[in-house]
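Heads up, this note's numbering is the position in the sequence shown plus 76, with the first residue counted as 1.
To keep things clear, I will list the structure first and then write my remarks on it.
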Amino acid sequence: MLLMYRKTGDLEVLGKLYEKFMPLVYGLCLKYLKNEEQSKDAVMQIFEQLITKLKVHEVSNFKSWLYTLSRNHCLMYLRSANKHEFVSIEDYGVEKPIFLHPDNDETNEFQLDSMSKCLTTLPQEQRISIDLFYLQQKCYKEVVEITGFDINKVKSYIQNGKRNLKICMEKQRGEDE
77 MLLMYRKTGD LEVLGKLYEK FMPLVYGLCL KYLKNEEQSK DAVMQIFEQL
127 ITKLKVHEVS NFKSWLYTLS RNHCLMYLRS ANKHEFVSIE DYGVEKPIFL
177 HPDNDETNEF QLDSMSKCLT TLPQEQRISI DLFYLQQKCY KEVVEITGFD
227 INKVKSYIQN GKRNLKICME KQRGEDE
């Protein structure tokens, strides 16, 4: 069905494919958004994203790709609406979140701001690799295909980028204390 949609662009084909996974998408959205109406809206918004994204992206495992797309959609919604209860730095590539506390909204907001600022200071190769690998949840192979970097370089950029991101964020935290 996926190949047929890519060839024809027929929304009925995409609708039939998506219909099979709607309970999964709804459940995932409900888990993150904790609101039935917002989750229903998200299910429809994700379908709208599929219309364009499936024409652009080469998808080999639709279920896992859809799960990642749905998860990212919910996280971006929470982030933009400032409704997050806990921000895990691990999701963004920094190991050992040593100074993040889920009960402190000011700290969480500071962490997001700090992470955004620090991401912009990374060398381009590290920033691109981290963005693709952690934020867009691409696998190493996909990062290599998108960037043209060697697989070992990608792994190195990600590892060094995580370290540099952590150092930068700790430095910013020290400056604000």
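Where a beta carbon is used, it is the ideal one built from N, C-alpha and C, also for glycine.
The structure presented is a predicted model; accordingly, all values stated were derived computationally and were not measured.
*asked:* If you measure between the beta carbons of M98 and V119, is that distance less than 8 Å?
replied: As a first step, residue 98 must be located in the sequence shown, where it is residue number 22. As a first step, residue 119 must be located in the sequence shown, where it is residue number 43. Contact: yes.
*Could you tell me whether the segment 97-111 touches the segment 148-156, using the rule of 3 or more Cβ pairs below 8 Å?*
yes
_What would DSSP say about D207, mapped onto helix, strand or coil?_
Here residue 207 refers to the residue found at position 131 of the sequence shown. Three-state result, D207: helix.
*May I have the straight-line CA-CA distance separating K116 from L104, to the nearest angstrom?*
Residue mapping note: residue 116 aligns to position 40 of the sequence shown, counting from 1. Residue mapping note: residue 104 aligns to position 28 of the sequence shown, counting from 1. Each residue's alpha carbon lies about 11 Å from the other.
*Should L126 and L195 be called a contact, given that it needs their Cβ atoms to be closer than 8 Å?*
As a working note, residue 126 is residue 50 in the sequence shown. As a working note, residue 195 is residue 119 in the sequence shown. No. Outside cutoff.
_Buried/exposed call for Q187, threshold 16 Cβ in 10 Å_ = Looking up residue 187 in the sequence shown gives position 111. With 16 or more Cβ atoms within 10 Å of its Cβ, Q187 is classed as buried.
*Between Q121 and L145, what straight-line distance do the alpha-carbon atoms span, to the nearest angstrom?*
Within the sequence shown, numbered from 1, the residue matching residue 121 stands at position 45. Within the sequence shown, numbered from 1, the residue matching residue 145 stands at position 69. The straight-line gap from Cα to Cα measures roughly 11 Å.
*In angstroms with no decimal places, state the Cα-to-Cα distance between K83 and G237.*
Taking the first residue of the sequence shown as position 1, residue 83 is located at position 7. Taking the first residue of the sequence shown as position 1, residue 237 is located at position 161. Cα to Cα, the separation comes out at about 39 Å.
_Where the alpha helix (DSSP H) through E221 begins and ends_ = In the sequence shown, counting from the first residue as 1, residue 221 sits at position 145. Y216 to T223 is the extent of the alpha helix (DSSP H) around E221.
*Give the range of the alpha helix (DSSP H) segment to which K129 is assigned.*
For this step, residue 129 is matched to residue 53 along the sequence shown. Its alpha helix (DSSP H) spans residues E112 to V132.
*Simplified DSSP state of G245, which is helix, strand or coil*: What you label residue 245 is simply residue 169 of the sequence shown in a count that begins at 1. Per the sequence shown, the amino acid found at residue 245 is Met instead of Gly. DSSP places M245 in helix when its eight states are reduced to three.
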